[in-house]
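**Q** Heads up, the working numbering is the position in the first sequence plus 1, with the first residue counted as 1.
Where a beta carbon is used, it is the ideal one built from N, C-alpha and C, also for glycine.
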Amino acid sequence: MKYGYHARRSKFIDGQKMNTFAEIFKIVEKVPVGKVATYGNIADMAGTLNPRIVGYALSSLNSDSDIPWHRIVNRHGEISSRDGDGPWLQRELLESEGVVFTKKGRINMNVYRWGG
DNA sequence: CAGTTGACAAGTA
DNA sequence: TTACTTGCCAACT
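#1: For a minimum of 4 consecutive residues, which ranges assigned as the alpha helix (DSSP H) are wholly contained in the region 60-111?
#2: Name the DSSP bridge partner or partners of Ala1?
#3: Would you say Glu96 and Gly35 are within 7 Å of each other, going by their C-beta atoms?
#4: Closest by CA to Asn63, which one among Val112, Val37, Phe26?
#5: I'd like to confirm the pairing. Which residues does DSSP put opposite Arg114 in its beta bridges?
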């Protein structure tokens, strides 16, 4: 599965019409505990999105959101959140779910990556 | 309506 | 392996 941008904008998932952000959140919600997904993963599953849009959508969430935003990392298995307590909180949450970080602060994607 | 932005990814060196 | 460049596109201004 390559990182391909789909030309069509499918705003339909499971036969229901919904906006772009909702699509993203719906996918993110499916990431199981103890696993992580990349922005590209979510974008690909959503069917049409640029991975940037995924980050954009997640950035609109609060830290206490019901969406497991912390399970989304970049392709290198690194935390990409911006500033504030975001990055630290994300790592805390992941470690509390059993995700192990390397000394460089990266995640072994071969083990924890979800999808497929 | 026309830029600009951004929690990215892939390719290349 | 890291660092830099290019392509993306919805939301924002």
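**A** In brief:
#1: Within the region 60-111, the complete alpha helix (DSSP H) runs of at least 4 residues fall at 87-97.
#2: This structure does not reach residue 1, given that the chain is present from 2 up to 117, and the question cannot be answered.
#3: Position 95 of the first sequence, counted from the start, is the residue given in the question as residue 96. Position 34 of the first sequence, counted from the start, is the residue given in the question as residue 35. Not a contact, by the Cβ cut-off of 7 Å.
#4: Mapped onto the first sequence, residue 63 falls at position 62. Scanning Val112, Val37, Phe26 for the CA closest to the CA of Asn63 turns up Phe26.
#5: Working through the first sequence from its first residue, we reach residue 114 at position 113. In DSSP, Arg114 forms a bridge with Val37.
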